[in-house]
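Down below is the structure, laid out as C-alpha cells.
2 protein chains.
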Amino acid sequence: MLDQTALGGHVTATTVSHSDLIGASATDVRAAIRSGAYTGHTAGLAAGKLQCNLAILPENVALDFLRFCQRNPKPCPLVGVSDSGDPALPTLGHDIDIRSDVARYRVFRNGTLTDEVTDITDVWADDLVTVALGCSFTFENALLSNGIPVRHIETGRNVPMFRSNIDLVPAGPFGGQMVVTMRPIPKHQVDQAREISRRYPQAHGAPIAVGDPAQIGISDLGQPDWGDAVDIHPGEMPVYWACGVTPQNVLLNAGLPLCITHAPGHMLIADVAEDAETTILT
Amino acid sequence: MLDQTALGGHVTATTVSHSDLIGASATDVRAAIRSGAYTGHTAGLAAGKLQCNLAILPENVALDFLRFCQRNPKPCPLVGVSDSGDPALPTLGHDIDIRSDVARYRVFRNGTLTDEVTDITDVWADDLVTVALGCSFTFENALLSNGIPVRHIETGRNVPMFRSNIDLVPAGPFGGQMVVTMRPIPKHQVDQAREISRRYPQAHGAPIAVGDPAQIGISDLGQPDWGDAVDIHPGEMPVYWACGVTPQNVLLNAGLPLCITHAPGHMLIADVAEDAETTILT
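Respectively, the protein sequence lines represent chains A and B.
Residue numbers for the first sequence follow the working numbering, so the first one is 1 and each next one is one higher.
Residue numbers for the second sequence follow the working numbering, so the first one is 283 and each next one is one higher.
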C-alpha cells in the first residue's frame, strides 16, 4: 500500500497495519516506525522485548529528573538515559534513533501540549537528554502467561488510570501525586499477581494497594482520569499498580520550556528482553 | 571507656567496639559513628538493614555519574541520591547526616587519596552530591541464611577482589573495567547461589561469571588486587560477582578535583530493609 498522507509534517512512503507487524522483530518494528510506515500503538508488538515510556528534556533539569526517578522507582523505573544531545540509546537497542523510532510523540512547551508528531528531528536540540522508563506491558505479559486475566486486554480497552493521593518524593521542580492503574484480579490470584509483578522492578513492580479505592484517594472506579473503565466481577479485587503516566504528569506540571514524551500506547521498543536481569544490552 | 585520641582531626568522647554494637539498631549504630565513638567496619552490624557504598562528588559531574551507574547496574546499583549540597538522604534513613554518619571516609583530590578521616564536615561544600550504591553484604547474608557457605566470612578474611577485562559502559569521564569479587561455591549450589543473588539487584545481583578466571582476564586467583586470597576446596567452583570497588576505581581514574568515598568495609547503614522491594523508605 502507498499512503502519501502527511503525518505530523512528515510524509510516509508506505503504510503497514498493526497486524502486519505481529511477529516482526524489534528492529523491524522500529524500522517501520522510523520510515513513517507505521504510526500506531505498540501493544503486542515485538513480543518479549522491553517497551519504554519516554521523557526527553533539557540537560539542565536532567539531574533533578534522574533524582526524581531514583526516588520514585515504582512509577518511574529508570531503564535508559542518553548522553546529552545524542539521539542513540545503545544500552537499550542497536541503532536506536530516538528522533524517529517512536510512532507518535507529544511535544510540550511551558507545560502545554503544543504538538503531536511522528518524528522530532526538527525539534531535536544539542542539550536534550532522553530518559526511558519501563512500562506495564512487561508485567501484564507475565500475568497473562501465568493464567491471571487482565480485564482491559480481554475487553479490548485501555487500562483505567486514576490520580491517587499518594505523594511522590520530590526532586527539584518534579513532584506531585502518583497516578495508578487498576486491574480487577480474582481474589485467589491476588497474592500470585503480587509475587509475579514484584519480579519486574523495571516495570512498576508489585501493586501499591489492593481493595478500597478510597484508601488511596480514588472516589469512583467507574470514572478513570485516563483510559477506560472496566467491570469488576464478583469475587475480584481491584488491584492498583504505579503507572507510567505519573512522570508525564509530573513533567507537565513542572512547566519546562521544552519536553517531549511518547504518545500513550506508542512506546519505544527496545532490543532488551523484558525478563532480562538488567535493562542493559550485553 | 574514654578515648580522647584525635581521629582524622576529630576528637572522640567515648569508644565502643564492634561487639558492643552487635544487635544495635541502624539508628544507634549511626549515632555511635556520628559521635566519633565508633570508627570501625560495619560488617555484621544492624542486621537486616541495607548497607551502602558511597560516592560524594561535585554536582557538575553528578549527571554523568548517575548515567554511568544506570548503565552499569551490576557493579553500581543506585540506591540513593542526595540533593546538591544537602547532607541528608531521607529516602535511605531518618536523620542521616552524610558528613558524620560513616565511620571512615577517603578524600581524593585530582585522583589522589589525600586523607582518610572519620568526619567530612570540614570538607563539605554546597555543590556536593551524595550517591549511595548497594553492597555485597546484602546478598552474602541471603547466601548464608540459605545454607550456602561464604569462605572469606568463615575464615575471617576480606573478600578477594580482582580487576577483570570486562568493559564498563562509559558515561562522560567515567569508564574502565569492572572489578569483581570471587567466592568459591560448592558445584551443586552454584545454581542456587545464582538464583538467590539475582533477587538482589540493589546488591550486585546474579554472578557475572563462573569458573575459569582467564575468561574474564584474571591470571591468578591466589593474587587478588584487593582483599585476601581464599582457598578453593575440591568440588567448589570460583563464582564472580560485580564489586562495589568498581565505582571507586572509576572515580579515582576520572581524576576529579574532589571526590569522597567510604573507606572499604566502613559502609553507610540505611534504615531500609535489605530485602525491601525498593530502597526507598516508606
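Glycine residues also receive a C-beta, built at the ideal position from the N, C-alpha and C atoms.
If you measure between the beta carbons of V389(B) and D397(B), is that distance less than 8 Å?
Counting from 1 along the second sequence, the entry for residue 389(B) is found at position 107. Counting from 1 along the second sequence, the entry for residue 397(B) is found at position 115. Cβ distance < 8 Å, so V389(B) and D397(B) count as in contact.
With a threshold of 8 Å between beta-carbons, can L332(B) be considered close to chain A, or not?
Translated into positions along the second sequence, residue 332(B) becomes position 50. Judged by the 8 Å Cβ criterion, L332(B) is not in contact with chain A.
Output needed for R163(A): all residues of its chain with C-beta closer than 7 Å, excluding positions within five of it in sequence on either side, in chain order.
Here the question's residue 163(A) lines up with position 163 in the first sequence. The answer, listed in chain order, is Q177, V179 and D225.
Run the CB neighbour count on D409(B), radius 10 Å, all protein chains shown included, and call it buried at 16 or more, exposed below.
In the second sequence, the residue the question calls residue 409(B) occupies position 127. So D409(B) ends up on the exposed side.
Please name the residue or residues paired with M519(B) in a DSSP beta bridge.
If you number the second sequence from 1, residue 519(B) lands on position 237. For M519(B), which the question treats as bridged, DSSP gives the partners I467(B).
What residues from chain B crowd round P234(A), counting only those whose CB sits closer than 9 Å?
For the purposes of this step, residue 234(A) is taken as residue 234 along the first sequence, with counting starting at 1. In chain order: nothing, as chain B lies at least about 30 Å away.
Is there a Cβ of chain A sitting closer than 8 Å to that of L540(B), yes or no?
Position 258 of the second sequence, counted from the first residue, corresponds to residue 540(B). It does not; no Cβ of chain A falls within 8 Å.
Could you tell me which of C52(A), L57(A) and H41(A) sits nearest to C259(A), measuring between CA atoms?
Start at 1 with the first residue of the first sequence, and residue 259(A) comes out as number 259. Ranking C52(A), L57(A) and H41(A) by Cα distance to C259(A) puts L57(A) first.
May I have the straight-line CA-CA distance separating P468(B) from S479(B), to the nearest angstrom?
The residue you call residue 468(B) lines up with position 186 of the second sequence. The residue you call residue 479(B) lines up with position 197 of the second sequence. Each residue's Cα considered, the two are about 15 Å apart.
Can you give me the start and stop residues for the alpha helix (DSSP H) that N249(A) sits inside?
Residue 249(A) sits at position 249 when you count from the first residue of the first sequence. Residues V245 to A254.
Where do the ends of the beta strand (DSSP E) carrying E398(B) lie?
Indexing the second sequence from 1 puts residue 398(B) at position 116. Note, E398(B): beta strand (DSSP E), T394 to V399.
Considering only residues of the same chain and omitting the five flanking positions on each side of I430(B), which have a CB-CB separation below 6 Å?
Walking along the second sequence from the start, residue 430(B) turns up at place 148. The answer, listed in chain order, is Q471 and A475.
Decide yes or no for the touch test of the region 489 to 497 of chain B against the region 424 to 439 of chain B: beta carbon pairs closer than 8 Å, at least 3 of them.
no
Residues that DSSP places opposite K331(B) in a beta bridge:
Along the second sequence, one-based indexing puts residue 331(B) at 49. K331(B) is bridged to A555(B).
I'd like to know whether the C-beta of Q223(A) is nearer than 8 Å to at least one C-beta of chain B.
Within the first sequence, numbered from 1, the residue matching residue 223(A) stands at position 223. Judged by the 8 Å Cβ criterion, Q223(A) is not in contact with chain B.
Just grab the DSSP bridge partners of M267(A) for me.
The sequence position of residue 267(A) within the first sequence is 267, counting from 1. Answer is none; M267(A) lacks a bridge partner.
Among G318(B), P489(B) and G537(B), the one whose alpha carbon lies nearest that of E477(B)
For the purposes of this step, residue 477(B) is identified with residue 195 of the second sequence, where counting begins at 1. Minimum Cα distance to E477(B) is reached at P489(B).
Taking the alpha-carbon positions, what's the L360(B) to L348(B) distance?
Counting from 1 along the second sequence, the entry for residue 360(B) is found at position 78. Counting from 1 along the second sequence, the entry for residue 348(B) is found at position 66. Approximately 8 Å, taken between the alpha carbons.
With H, G and I counted as helix, E and B as strand and the rest as coil, what does DSSP make of N342(B)?
For this step, residue 342(B) is matched to residue 60 along the second sequence. Correct three-state label for N342(B): helix.
Would you list, in sequence order, the uninterrupted alpha helix (DSSP H) runs of no fewer than 4 residues that lie entirely inside the region 94 to 174 of chain A?
137 to 145 and 151 to 154
Proximal residues of chain B, C-beta to C-beta of R198(A) below 8 Å
Counting from one through the first sequence, the residue named residue 198(A) turns up at place 198. The answer, in chain order, is E559.
Under the criterion of a Cβ to heavy atom distance below 7 Å, does I304(B) qualify as lining the ligand NAP?
With respect to the ligand NAP, the structure shown offers nothing to examine, as it has no ligands at all.
For I260(A), name the three-state secondary structure that DSSP assigns.
Counting from one through the first sequence, the residue named residue 260(A) turns up at place 260. It is a strand residue.
For Q4(A), decide whether its Cβ has a neighbour in chain B, counting only Cβ atoms nearer than 8 Å.
The sequence position of residue 4(A) within the first sequence is 4, counting from 1. Legend: pLDDT at Q4(A) = 36, less than 50; position of this residue unreliable, value from coordinates given subsequently. So, not an interface residue.
With C-beta atoms as the reference, is N158(A) less than 8 Å away from G227(A)?
Here residue 158(A) corresponds to residue number 158 of the first sequence, with the count starting at 1. Here residue 227(A) corresponds to residue number 227 of the first sequence, with the count starting at 1. Taking 8 Å as the Cβ cut-off, N158(A) and G227(A) qualify as a contacting pair.
Starting from Q177(A), follow its DSSP beta bridges and name the residues at the other end.
Position 177 of the first sequence, counting from 1, holds the residue named residue 177(A). Answer by DSSP bridge pairing, in chain order: D167(A).
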